[in-house]
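Only one structure is covered here, and it is reproduced in the block below.
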Amino acid sequence: MFKKLIAESMTKSPWIYHVNTGSCNGCDIELVACLTPRYDVERYGFKLAGTPRHADIVVVSGPITSQSKDRLIRTLEQVPNPHCVVTIGSCPQSGNVFKGSYSVEAPLEKFCEVDVAIAGCTPKPEAIIEGLYKAAQILKKKREAMQ
Amino acid sequence: MILVNYIVSICLIALGLYVMCSKRELIKIVIGMGIMDYGINMLIVSIGFHENGTAPIYTLADIINGNLSFFVDPIPQALTLTSIVIGACVDAMALSLVIMIKRRYKTTDADEVRRLKG
Amino acid sequence: MPEFVSNLLNILLVALHVLVFPGLLFAAVGGLLLAGIDRKVLARMQRRVGPPIVQPFYDFFKLMGKETIIPAAARPGIYQAAPIIGMVSLSLMMLFFPIFGHSAAFATKADLIVILYLLTIPAVALIIGGSASGSPFAGVGISREMVVMLGYELPLVMVLLTVAKKVGGDTMTFALEDIAVWQLANGSLLFHWSMIPAAIAFLLIIPAEVGTQPFDVAEAETEICEGPLIEYSGAPLAIFKLNTAMKMFVMTALFQVLFLGGIDLGKYWLLGGAVLFVISAVLTVLCMTFIHAITARLKVEHLFKFYWTVVAGLALVSLVLVWFGL
Amino acid sequence: MIQFYEHFPVISVMGLFLAAFLVEIFGNKNKTIRYGISLIACLAAAAMTLYLIIPVFRDGKIISYWMGGWAPEGGYAFGIGYEIDGLGLFFGILTSITFLMSVIFSKRYMERDAHLGHYYTLFLMLAGSVLGLVFTGDVFNLFIMIEIMTFAAVALTAFRHGKHPEALEGAFKYLVLGSIGSSLTLLGVALLYLSTHTLNMAQISALLSSQGFKPTTLFAFAMMLSGLAVKSFVVPFHTPAADAYATAPASVSTLFSGMVNKAGIYGMIRLTYILFRVMDRESVMLLLALIGALTMFVGVTMALAQHDFKRLLAFHSISQIGYVLMSVGLGSVLGLYGGLFHALNHTLFKGLLFLTAGAVYYATGTTNLDKLGGLAKRMPATTACFLVGAFAISGIPPFNGFASKWLIYQAAYEKAVQSGNFVYVIITITALLVSVMTLASFIKVTSAAFLGQQPASLKEVKEVPFSMQLPMFIMSALCLICGLLYRPVLTYLVGPAVSAAMDPSAYIDTMMGSGYAITHGVLPSSMGFAMISAWDPRFWLLLFIIVTCAVTLVAVSDARTRGPVSLPQPGETDAKHATFFGGEKSTHSHVSGSDLFWGFKKDLKGYFHVIGDLHSGRTNDYALWVVLGVTVIMLFTFIFLS
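Residue numbers (this note's numbering), protein chains in the order written: chain A, 23 to 169; chain B, 12 to 129; chain C, -8 to 317; chain D, 18 to 659.
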């Protein structure tokens, strides 16, 4: 019973840790917009966490600059299992307009497994919410797979 | 006569305290301790003193003849002796500490000997 | 041996008290519900939909299911024991309160001081746990937590002494039973005008004790990454979150016992008591939520000054008034 | 018929003094002989003192012993008498525990020092003098013992001057202020002799009761009170204590806080409760309570500003003595219970804390909190003992500090409501607040020295040897026992001491012959003691066990339901278990003691600056503090008591 409860809770209270890897702040603002009264992701239990140790979903925005690559990987290591990685916007997915630059390391798939990728430059808040919601479902599957 | 003793001893005590509070030189502080000690010793001796009293030593003849007189209380004198000895030891100890301080701090000024503060 | 059996039964009864009612389970469920209400009402005040009221339960169970990472710089024993010690002391504290018109499971003649000290244990557990995690952010967090504690302790002490003086008169009493009896005879302390400043002071202490805005300097997630909790994850973190919720519950219960114990329910004591308890707990939490919704986080030095001037001043006013028999 | 145990007090005191000389004669070369003599002397003295519990505490006997058989004649005491009542024995027990623990600790702790023969000589003289001080029934003997005590203590303070020149400075200040204190005591003794013509305490008490007070007697009282206050290091006489405790070897600091300042407290209790028992109680007691409250506040705020482990502990010692004095000064039975119990507890937990400070010094070579960190990993036993001591002194249940502070608050508040004096309310609030500040400063030590991250210089630190751990374990166990079983401790240990202090008639009768007290107007008083609390701590222990078991059971049985626990690999540092630095590679970063409690210090910086400047470190300023303190006590005595 407890197992089921825990698995169920995984989808209901995903905490987000947001990493900006050289983003233009467009995606970051849209993510914050999701918390505002208009969209209010907190009704699904989403919450911004202050440290990766508390996080369930790590949201990455930006094209992974060389400077931020090591920091990003280290931070992703520190997140306890089960956890999901979600990318917002086209930058972490493909590099977007920065592709080919000497200082950009996108895509993120090179370094870790990405569970959900939300495309767009920038994606609408509705898209972000849907992506996060899907990530929460994946979280439950990962939790069940852990046992 | 005896009043003078009391006044002088109180003055000595006050003087000792004054020296300890105002003189920056460590040796002088030790001297202040000594002065205070002397004042107290003098006070104790005066407490036991009676004018025209004799020494508290009697022979059998004195008792038989009945010429027992008023005698000086011996206990304060014993106390004074003890206290003088102790005072001397304390002074010696203090002076030896001052010597060591001079060696390590290169000074005997109380203003400089203050690494422990706050 | 009948004596042995009765002893055993006694122990079992005590265990039941501690673990189920009014101890751990009751306080945990109540606390999580109150936390849920707090979040919901806060959301409504900000014109949001807000999470469901049972959201804190989801958070708790989710955290229980997560991996617990023990950092290399941490001291594993202290790190894992700290949250449990805090939880134990909080569930023990509930045993002192005469709630629902029930008499308390533990009644001593100096409850108030015991409670004062038991209230410090969860904070100490948080501090020691945070310190044991070895993170410099936690170091800053524990420093702030301690300053908050120094801040609210002075007014709290004054409030408790005021209550003791008001109830005891010329005889000293620190017993919650006596306070309950006195209030039944003379009406709730909240409705004695000389006690109103003390009650306000106590209401202002609750947010600092629980650590909600504007007094959440210790766990400021935006500046020092959750402070003492920075390295915690999984089950210990879940228990720390539970502790926060339980603290809220304990403080509202304490407010109810100290200031609202004067309503005589006659033969409906059980039902009426329960309803009253719920209402007063929710009202107390609403006061807290209200403050939360309209303020931003204070700086730590402002917080300290606020408690030692405004709140302590309020408590002092009451103390002096009560001292002169008003 | 003299019972065999009546010789014990004298033998234990004299044995320690004799052993001191033997060590000096035979032990300067051979360390086995040296340590053997010291250990045997300490063990024997402690055993004899503890044996006296049977006749004095259990059977309620008071032992009187006249040196050389000079019993009083014609109602006048000429000889030097030893008299052991409950109060004296209570402090004797504290003393024995302290020097016994310290001598065991000293073996390894002092092994790196030279001239250990002198160390043990002085150690034994210090132990013997304090024991003599609490057992004696003669005021001049009391003065002599105080002098020996000061002398030995000063020399011990300066013992490590080779490595730490500050020790000389601390010793010098201690000597100057100590000698002022001794002189004041001597002055008081002399004036007391002037008005009563006797030096025997029992007789003085009886005579003062029957003949009333003259200005001379009041002056004597003020002088003796200030002299003993200097010896117990209460504010404003506390300044040398901080310097001496901080610079002396930790085993000696243990002696200082465990018995030297307790000796001063003993003297003050003896003075106010027995010698001058018929003085205006309320005013004397108000004076003591005010001094106590001031002491605990100044002590703890100074402690918050320290960044040396031992200096911090020194200021806490001062602060806790303030608790004892405040509670004793309430003058009520409950207050005396609380105060004496706190004295016992202070001996236990502060001794323990000084020993842990010594262990830290032994292992790392420093006590500077800014240089320490993360010792818990390397020294688990010391850390555990330190935590016990820290929680005990901050009054966290279920340790002993909580039990005695609990009594003290009750007593203070009871006094406030009964006397209607608002000053006592302020004192109560101060006491409760000081407790939190104590907690704060120990949190500072815990997080700065024992928890947090390890600096690179401390990677090789080792746990201290077992002979140093043993006394720490014993003290920790005693802390816990006194906290959990405080009822029996109060009944069997503290109770007799309280009744001895409250009822001096038996004390006088034993010394001067029965009936002497009544003829001089000292009536036996019986006192009822109703403890206000009714909490059985064993019950709590049970609860703690139940709950902890239950929680552990749940945690263990559900290991698969719950998330897994991921422990770091020993020796390696992987990113997963590294400390979170916002993504940066984790480096050594530790919030040290001086950086804590920023908001608090900023808001109160006016106060902290003033109080810091007042502790200027200048010997003259400290002497001035003493003179001012004496003046205040004298004025108070003449204005309120005559």
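C-beta atoms are modelled at their ideal positions from N, C-alpha and C, and glycine is treated no differently.
C-beta contact flag for residue i and residue j at 8 Å
i	j	result
L361(D)	A306(D)	no
G695(D)	T264(D)	For residue 695(D) there is no data in the structure shown, the boundaries of chain D being 18 and 659.
F157(D)	L90(B)	yes
Q337(D)	I410(D)	yes
K57(C)	G225(C)	yes
G391(D)	L329(D)	no
T364(D)	P62(C)	no
L130(A)	V82(A)	yes
K180(D)	S484(D)	no
Y503(D)	N417(D)	yes
I101(D)	L69(D)	yes
F193(C)	F246(C)	yes
P43(C)	S606(D)	no
F171(D)	A280(D)	The question names Phe, but residue 171(D) in the sequence shown is Val. Not closer than 8 Å, so no.
L342(D)	I282(D)	yes
V248(C)	F88(C)	yes
Buried or exposed (CB count within 10 angstroms, at least 16 for buried), residue i
i	result
F281(C)	exposed
Q470(D)	buried
Y124(A)	exposed
F189(D)	buried
N47(A)	exposed
I54(D)	buried
T648(D)	exposed
T164(C)	buried
S550(D)	For S550(D), the pLDDT reaches just 49, beneath the cut-off of 50, and the residue's location in the model is therefore unreliable, although a value from the coordinates is still provided. Per the 10 Å Cβ criterion, buried.
P505(D)	exposed
P67(B)	exposed
Under 8 Å by beta carbon: chain C residues contacting residue i
i	result
I110(D)	Under the 8 Å cutoff, chain C gives no residues; its nearest Cβ is about 27 Å from I110(D).
R165(A)	G56
Extent of the continuous beta strand (DSSP E) run through residue i
i	result
H40(A)	W37 to N42
E100(D)	G98 to I101
C106(A)	C106 to I110
I90(C)	First-last for I90(C): undefined, no H or E at that position.
I79(A)	I79 to S83
I140(A)	V138 to I140
Closer than 7 Å: residue i CB and nearest the ligand MN heavy atom
i	result
A258(D)	No copy of the ligand MN occurs in the structure displayed, which carries no ligand at all.
Neighbour list for residue i in chain B, Cβ cutoff strictly below 8 Å
i	result
N637(D)	M31, C32, S33, K34, R35, I40 and A121
D260(D)	L127
Extent of the continuous alpha helix (DSSP H) run through residue i
i	result
W83(D)	Not the alpha helix (DSSP H): W83(D) falls in the beta strand (DSSP E), residues I80 to W83.
A64(D)	K48 to Y68
P227(C)	G225 to F250
W423(D)	N417 to S436
S82(C)	P67 to M84
K117(B)	Element bounds for K117(B): n/a, residue is neither H nor E.
Chain D contact residues for residue i, given Cβ-Cβ distances below 7 Å
i	result
V138(C)	F614, G616 and F617
I118(C)	I460
Under 8 Å by beta carbon: chain A residues contacting residue i
i	result
G41(C)	D62, E64 and R65
Neighbour list for residue i in chain C, Cβ cutoff strictly below 7 Å
i	result
F122(D)	By Cβ distance, chain C contributes nothing, its closest Cβ being about 25 Å from F122(D), past 7 Å.
Under 9 Å by beta carbon: chain A residues contacting residue i
i	result
Y259(C)	Under the 9 Å cutoff, chain A gives no residues; its nearest Cβ is about 36 Å from Y259(C).
### Task
Would you list, in chain order, the members of the stretch 591 to 603 of chain D that have their beta-carbon closer than 8 Å to a beta-carbon of chain A?
Hits within the stretch, in order: D591, A592, K593, A595, F597, G599, G600, E601 and K602.
### Task
Anything in the stretch 63 to 78 of chain A with a Cβ closer than 7 Å to a Cβ of chain D? List those residues in chain order, please.
Within the stretch 63 to 78 of chain A, those residues whose Cβ lies closer than 7 Å to any Cβ of chain D are, in chain order, T73, P74 and R75.
### Message
Please list, in chain order, the residues of the stretch 433 to 466 of chain D that have any C-beta partner in chain C closer than 9 Å.
### Response
Here the close residues are A433, V434, Q435, G437, F439, V442, T445, I446, L449, L450, S452, V453, M454, L456, A457, I460, K461, T463, S464 and A465.
### Message
For the stretch 100 to 115 of chain C, list every residue whose C-beta sits within 8 Å of some C-beta in chain D, in sequence order.
### Response
Listed in sequence order: K100, A101, I104, V105, L107, Y108, L109, T111, I112 and V115.
### Task
Mind checking the stretch 97 to 127 of chain A against chain D and listing, in chain order, the residues whose C-beta falls within less than 8 Å of any C-beta there?
Going along the stretch 97 to 127 of chain A in chain order, one finds T97, E99, Q100, P102 and N103 with a Cβ nearer than 8 Å to chain D.
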